[in-house]
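Here's the structure, in structure tokens; my notes come after.
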Amino acid sequence: MANKDGYPRYRRRDNGITMTIGKYEVDNRWIVPYNPYLLMKYNAHINVEICATVKSIKYLFKYIYKGHDCANIKLEQPIQQGAAAQKTLEWDEIKAHLDARYVSAPEAAWRLFEFPLHDKSHAIIRLAVHLPNQQPVYFAEGNEQQALEKSASKDTTLIAWFKLNSKDPDARQYLYHDIPHHFVFERNGT
Numbered sequence: 031m032a033n034k035d036g037y038p039r040y041r042r043r044d045n046g047i048t049m050t051i052g053k054y055e056v057d058n059r060w061i062v063p064y065n066p067y068l069l070m071k072y073n074a075h076i077n078v079e080i081c082a083t084v085k086s087i088k089y090l091f092k093y094i095y096k097g098h099d100c101a102n103i104k105l106e107q108p109i110q111q112g113a114a115a116q117k118t119l120e121w122d123e124i125k126a127h128l129d130a131r132y133v134s135a136p137e138a139a140w141r142l143f144e145f146p147l148h149d150k151s152h153a154i155i156r157l158a159v160h161l162p163n164q165q166p167v168y169f170a171e172g173n174e175q176q177a178l179e180k181s182a183s184k185d186t187t188l189i190a191w192f193k194l195n196s197k198d199p200d201a202r203q204y205l206y207h208d209i210p211h212h213f214v215f216e217r218n219g220t
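Taking this note's numbering, the leading residue of the sequence shown gets 31, the next gets one more, and so forth.
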């Protein structure tokens, strides 16, 4: 069972088997989840937990693209000795601080060689599935009429597939989910 954030809520039953470790009585509820295969393969404990929500993907991308490392630089004039030391030092905090970016040597080399920062293995095309004349219509409150007019002139991917099959006999050899490999859906709805 997962909580609202997608983390599992483990059910650790008390099976009655206990062990004494030091001064503690330990049972099944004290054991951290583990994967026996990974434990044996890597000879190390690896905590494996299920991540089943969009928040896990958001976390990964937020971590990867969190931004550059920052370095705050403070610029000061040295205070002179002697008679000049009696003068009040003018201090302008805006001019004295500079928000800068720190680029490490590995990052600089990576960017100089123009290596990609991320990679995608394939494009995802969402194919609509709906009953006849029951395609979804999205609208903002107050713009219902405009949304209806727009949806009447715009085809879903499913309707476009039916129209393609009626016009092009060669397209009939492909199943609906194979169409994106051989044809392109135009965004203007035609």
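Think of the CB as a built atom: it goes at the ideal place given N, C-alpha and C, for glycine as much as any other residue.
Per DSSP, cross-strand counterpart(s) of residue i
i	result
Val56	Met49
Residue i, buried or exposed, once every other Cβ within 10 Å from all chains shown has been counted against 16
i	result
Trp191	buried
Ile154	exposed
Ile209	buried
His211	exposed
Own chain partners of residue i with C-beta closer than 7 Å, once the 5 adjacent residues on each side are dropped
i	result
Met70	none
Residues near residue i by beta carbon distance below 6 Å, same chain, minus five either side
i	result
Arg56	It is worth fixing the name first, because residue 56 is Val in this sequence and not Arg. Counting only Cβ-Cβ distances below 6 Å, and skipping sequence neighbours, we find Met49.
Proximity of residue i and residue j at Cβ, strictly below 7 Å
i	j	result
Arg42	Asn65	no
Phe169	Ala177	yes
Leu68	Ile61	no
Residues near residue i by beta carbon distance below 8 Å, same chain, minus five either side
i	result
Val159	Leu188
Please determine if the segment 183-193 and the segment 160-172 are in contact, where contact requires at least 3 C-beta pairs separated by less than 8 Å. yes
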